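Undergrad:
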Amino acid sequence: MDISGALLWLLLFLGLGLVLNEASVEGGCLDLATCCKGRNNQCNTTGWRPDRYHGTCYCDEACRHTLDCCQDYEQACPATPCKVTDWSSWSGCAEQCKRTYRARRRSVTQEAQNGGEACPPLEERAGCVDYLSTEGTACRQSLVPALITTGGYGKAQKKRDIFSDYKEPGYCVEFQIKSLTQNCLTQNRPHTWWMQYLREGFTICVECQLPALNSGIQRCSGDGIEAKRNQLLQWQAVGSPHCKGTWKWIRQIKSCSCPSVHSFLFI
């Protein structure tokens, strides 16, 4: 055997030795039989890493980021995503008689493991308004604007009622205007001129009569009777969507006694 042949056999022998040595010290997460959450410095063993470094390697979730996992980490500790249930039905409003929210929820059936996809949000919320209190009484008036128009319409309505034998009871509510938009003060069209008599700080009368009067509950929407003391309520003038503001309920009386220019009607 010549020298070149002897060297070839020597190289083959050394290569086989390295392969056998690598197999004998393979180690890794399969041998450790443990997969740890987060960063756990105790969750390590001796074995090969993907970068062909042999020594201490880890079997925790953080090793994906620190690049010191054992080479069999993916096999021994496969990434498992979080799993959740379907959404529940939407709940009722969190509170009655105010702008609030409703919610739907889902729960976790399997936590994410070994760096798997994290759990999605478990709760969603959406805007909500409940127009009935827990006692079943209406509370819409404190939530949406009361619609009003000039009292001149009411005079025409009363003239027509003279020829009708059927009378529906009505009532009057006094409010103090607390704020209003500038648009109310610039109305000069024939059907909107009455809005100029709406002024901050003025006390006005708003009458509840047919057809705005609900014959079932004997009320007008927006009369604010069930509002809390000093609660600001919303109003809007019919005929100009930009004329609106807030007022405070003062009292309910049988009939209105305000000057005609400060007398209005619920719609």
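Numbering (this note's numbering), first residue to last: 5 to 271. Ideal Cβ placement from N, Cα and C applies to all residues, glycine included. Small disclaimer: the values here were computed from a predicted structure and weren't measured.
For ALA98, which residues from the same chain have a beta carbon less than 6 Å from its beta carbon, with the 5 sequence-adjacent residues on both sides left out?
TA: Short of 6 Å from the beta carbon of ALA98, and not among the five residues preceding or following it, lie these beta carbons of its own chain, in chain order: THR104, TYR105.
Undergrad: Looking at the structure shown, is LYS159 part of a helix, part of a strand, or coil, going by DSSP?
TA: Because LYS159 carries a pLDDT of 48, less than 50, the predicted location of this residue cannot be relied on, and no value is offered for it.
Undergrad: In the DSSP assignment, what are the bridge partners of CYS73?
TA: TYR62
Undergrad: Go ahead and pull the three-state DSSP assignment for GLU211.
TA: strand
Undergrad: What's the C-alpha gap between ARG43 and GLN117?
TA: 13 Å
Undergrad: If I measure Cβ to Cβ from ARG223 and keep anything under 8 Å in the same chain, skipping five residues before and after, which residues do I get?
TA: ALA142, CYS212, LEU217, ILE229
Undergrad: Would you list the residues sitting across from ASN44 in a DSSP beta bridge?
TA: Answer by DSSP bridge pairing: none, since ASN44 is not bridged.
Undergrad: Which word fits LEU36, buried or exposed, when buried means at least 16 other C-beta atoms lie within 10 angstroms of its C-beta?
TA: With 16 or more other Cβ atoms inside 10 Å of its own Cβ, LEU36 counts as buried.
Undergrad: Using only CA atoms, which one of CYS33, GLU178, PRO149 lies nearest to PRO245?
TA: PRO149
Undergrad: Could I get the ranges of all uninterrupted beta strand (DSSP E) runs contained in the region 186-250, with 3 residues as the minimum, in chain order?
TA: List check, beta strand (DSSP E) in window: 207-212, 236-241.
Undergrad: Taking a contact to mean a Cβ-Cβ separation below 8 Å, would you say VAL242 touches VAL210 in this structure?
TA: Not in contact: VAL242 and VAL210 (Cβ atoms no closer than 8 Å).
Undergrad: Which of helix, strand or coil does DSSP assign to GLU128?
TA: strand
Undergrad: Please classify ILE208 as buried or exposed, where buried requires at least 16 neighbouring CB atoms within 10 angstroms.
TA: buried
Undergrad: Taking only three categories from DSSP, how would you classify GLU78?
TA: Note: GLU78 maps to helix in three-state DSSP.
Undergrad: Residues in its own chain within less than 7 Å of THR113 by CB, not counting five upstream and five downstream?
TA: Sequence-distant partners of THR113 (beyond 5 residues in either direction) whose C-beta falls short of 7 Å from its own C-beta, in its chain, are LYS87, VAL88, THR89.
Undergrad: Go ahead and pull the three-state DSSP assignment for CYS67.
TA: For CYS67, the three-state secondary structure derived from DSSP is helix.
Undergrad: Can you name, in chain order, every residue of its own chain whose Cβ lies under 7 Å from the Cβ of ALA122, other than the five neighbours on each side?
TA: Excluding sequence neighbours, ALA122 sits near CYS86, ALA116.
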